[in-house]
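For reference, the structure discussed in these notes is given below.
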Amino acid sequence: MRMRRRGVGLVAAALLAAATGCGGDGTGGSGPTIGPPASVVISTTPPATAVVAASAGTFSVKVVDAGGNAVSGVVVTFTTSGQLTASPLSAVTDAAGLASTQLTMGTLAGPVTVTARAAGVSSGAVATITAQAGPTAKVTATPHALRFVVVGDTARVSATVQDAFGNAAGSGTVTYSVVDGTLVSVDAAGLVRALRADGTTLLITTSGAKADTTSVNVLPAGSSYCTGLVTATPMAVGDVQTFSGSMYACVSGTAAGAEFAMVAFNGSQDQTFPLSVSVTGNGLATAPTAFRAATAGPALRSVSGSRAVAAPLLDERFHLALLGQAKAEHRDFAAGRAALRTTTASRSIIASGAGTSIRANGIPSTVAVGDLVTLNVSANFCASPTYHALRVTAVGSKSIILADTLNPAGGFVASDYDRIAARFDALVYPLDVGAFGAPSDIDGNGRVAIIFTRTVNELVDSTSGYFVGGFFNPRDLFPKTASNPANACAGSNEGEMFYMLVPAPNGIRGVTHTTGFVDSLTTGIVAHEFQHLINGSRRFYINTAATDFEQVWLNEGLSHIAEELLYYRESGLAPRQNLDDNTIRIVNRATYGLWKSDAASNFSRLLSYLRAPADNSPYADNDVLATRGATWSFLRYAADRLGTTDGTIWQRFDDATTVGLGTLQQVYGADPLPLVRDWTVANYMDDLGLTADPRYAHKSWNFRDIYTKTFLNIPTYPLALLRMTDGAATNLSVRGGSAAYLRLAVPAGREGLLTFGTGGGAPSASFQFVVIRTK
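Residue numbers for the sequence shown follow numbering that gives the first Met the number 0, so the first one is 0 and each next one is one higher.
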């Protein structure tokens, strides 16, 4: 019997197994058919919000197949964002297809997510929870101290409420109260008002069980805003005081009241990023709108109806790109010198005659008028040369003038080129060489090549808004070949030369230039480009300790000095004469046209700076018009201040072996930044009649007189001024080496408190605040 029962049991078990198997493979049975996992759905949703650092409960998901049937035995992983944590990070689905994890919030308020993914399923299930701040743990009142000078003055206290983790706890109600309600009052929004003089009390800011205090001091009657903070600095009209290293300064209105100007100078050497500062004045009167009084004078001055405006300017973007490329594609100066000396020594000079065609690196000394020389006239640095045939049109004692054979008709003729050569030999060459030093002579021809080529015109089109008057390309100083290819420059012409705009009566790329127009600018541009050539060639071949070309801003500033020197030489005038409108336009009426062609462009560039001084700088790392004007003005100011004549100062620049601010230090023998600061003050004080201090004078030019009388449509001196308002912060952003200019006034018998700050703290140590009493 026992054997029989066992047999029956075995048979029954086998039948059960068969039935189960049939259901599993879809061949029969009553159970569902379970497919592979197809999706993950949320089963238990966590709360929408939870307090930081607290449990967020359970997050459960169900894994189902395409038919919605639960799939067991599937691994589910849980990932979170932010500081939300999940435990466990993975789980296996149970018989109901469920997998769960416990969630705990982090300490930062804000939304976080939890995502569940199942193996073999492309998309997961996501739930979002917003972490809310916990109960109030800290209240911070701002500010922690209040001072009132006048009964009735008001100030506001604000509160920051935070939980234990620094999250803003917005749920708590903030209340304000004062210990001595007879001294000050406070409303529900934190506005505090002084009710009587002479006393101290506490203001209490409360939220829940937490509080913070603000000390309140109402000064005795008759006190000033400066009382207890800083002592007033006595100043007579014309006095200058510099404040730095402190948050406070105090100026006095004296018995009759007083007016002041303030120069907020940023002495940082940073050439790119400005610094921010706020200046607040308390106890101020209404600031004047003018410097002292309106500048009188006609708005229009002209000669024969011509406008007293600057000649068109070089395209600053092109010059920046060209000189910047020369510095970026840096070759080793020492290796370049050695390589070119070798090739020059072995170069054969081709005999020339009228119409002889010469292809040379550099121009032989034997060229004659009519010869054709093929050279690279491209504005590129070393690569992609563009060779044009150039005809020798004049040969002077110091110059070789060449004209591109592809130049348009109707331009300069032989007599024009002869005149240009003569002016270079007799005027520009001795002028620039006397000021900056002689250039190198690597091609051995004893001359400078001046190339008039249409490729200069082709650098712009009718949409550019500028034109390029000419350029010096540093590539022509490098060797064409070298033992080390890195030091070679395939496009070099191996000689001292620069390239000039040509007349285009019928237009090139849609831009027309008459012969008279180009002729009127040529001498000034030649003087400008020749300085670039001198500066570059002396650094490369003469000042052998130099390893790089000069920075663009300083190189351009020196070339603008060359233009100014040209005006002095041609007009018979001189620097340090405080030239004004009457001198340049009336007394020297015959040479007024020279001022417009040689000097007015510098004034136009400086005008761009004066209209936005805080945004620009004489040593900004760019080549915009405002930088050019500021650099020229500063270089002239410094030369006038440091010497009774120019002497050798300009050659010291072209003989320098450092660059940028390092060059200024090498030339001046001291930190240049105090000079730059005094220049910014001179931009305000010069010719106001306030002081005889030479630190604050432009000795060569009366800028105020020239801008308001010689220029058109500038009835007042164009230096940008900001007016300070009592109790209001003036926020400034000032570039290194420049300044913002403010005007303020103090009532009779009162003192004005000036507060300087950045981000609630002391201002950058780079800032110096120069205060000038003007009335």
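In this text, a Cβ means the ideal position worked out from N, Cα and C, and glycines have one as well. Keep in mind it's a predicted model, so treat the numbers as computed, not measured.
| Asked | Found |
| --- | --- |
| Rounded to the nearest angstrom, what separates residue 758 and residue 223 at their Cα positions? | 25 Å |
| On the premise that residue 493 lies in contact with residue 441, defined as a C-beta separation below 8 Å, what is that separation, rounded to the nearest angstrom? | 6 Å |
| To the nearest angstrom, how far is the alpha carbon of residue 120 from that of residue 76? | 11 Å |
| For a quick check, are the C-beta atoms of residue 201 and residue 185 less than 7 Å apart? | no |
| Does the Cβ of residue 91 have 16 or more other Cβ atoms within 10 Å, making it buried, or fewer, making it exposed? | exposed |
| Counting only the same chain and skipping the five closest in sequence on each side, list residues whose C-beta sits under 7 Å from that of residue 87. | 100 |
| Are the stretch 597-608 and the stretch 655-670 touching by the rule of at least three beta carbon pairs closer than 8 Å? | no |
| Could you tell me which whole beta strand (DSSP E) segments of length 3 or greater appear in the stretch 224-291? | 239-242, 247-251, 257-265, 274-281 |
| Helix, strand or coil for residue 558? Go by DSSP, reduced to three states. | helix |
| Looking only at C-alpha atoms, which of 678, 513, 422 sits nearest to residue 504? | 513 |
| Give the DSSP-derived three-state secondary structure of residue 94 in the structure shown. | coil |
| If contacts are defined as beta-carbon pairs under 8 Å, then residue 158 and residue 206 qualify, I think. What distance do you get, rounded to the angstrom? | 7 Å |
| Is it a yes or a no for the stretch 380-387 touching the stretch 482-491, going by three-plus beta-carbon pairs under 8 Å? | yes |
| Where does residue 695 land, buried or exposed, given buried means 16+ other C-beta within 10 angstroms? | buried |
| Take every Cβ of the stretch 466-483, pair it with every Cβ of the stretch 519-528, and state whether three or more of those distances are shorter than 8 Å. | yes |
| Put residue 697 into one of helix, strand or coil per three-state DSSP. | coil |
| Taking the alpha-carbon positions, what's the residue 117 to residue 73 distance? | 7 Å |
| Select from 620, 228, 673, 39 the residue whose C-alpha is nearest the C-alpha of residue 218. | 228 |
| At what residue ranges does the stretch 108-147 contain a whole run of the beta strand (DSSP E), taking only runs of 3 or more? | 109-117, 124-131, 137-141, 144-147 |
| Specify, as a first and last residue, the run of the beta strand (DSSP E) that residue 446 falls within. | Looking at the DSSP string, residue 446 is not in any beta strand (DSSP E), and its letter there is neither H nor E. |
| Going by CA-CA distance only, name the one from 622, 506, 649, 257 that's closest to residue 635. | 649 |
| On the DSSP bridge list, what partners appear for residue 750? | 251 |
| Decide if the stretch 402-415 is in contact with the stretch 541-553; the criterion is three or more beta carbon pairs, one per stretch, under 8 Å apart. | no |
| Just to confirm the assignment: which complete beta strand (DSSP E) runs, minimum length 3, are found wholly within the stretch 27-55? | 38-43, 48-50 |
| Just to confirm the assignment, what range does the beta strand (DSSP E) spanning residue 198 have? | 198-206 |
| Check each candidate in 191, 173, 174, 172 and name the one with the smallest Cα separation from residue 180. | 191 |
| Per DSSP, which one or two residues make a beta bridge with residue 192? | 153, 184 |
| If we call anything under 7 Å between Cβ atoms a contact, is residue 424 one with residue 395? | yes |
| Which residues does DSSP pair with residue 756 in a beta bridge? | 277 |
| Within the continuous alpha helix (DSSP H) that includes residue 429, where are the two ends? | 428-435 |
| Which one of 68, 263, 234 has the shortest CA to CA distance from residue 735? | 263 |
| Considering only the beta carbon of each residue, do residue 744 and residue 284 sit closer than 7 Å? | yes |
| For residue 674, which residues from the same chain have a beta carbon less than 6 Å from its beta carbon, with the 5 sequence-adjacent residues on both sides left out? | 637 |
| Excluding the 5 residues preceding and the 5 following residue 176 in the sequence, name in chain order all residues of the same chain whose CB lies nearer than 8 Å to its CB. | 185, 202, 203, 205 |
| Which residues bound the alpha helix (DSSP H) around residue 661? | 660-667 |
| Can you tell me which of the three DSSP states residue 708 falls into? | helix |
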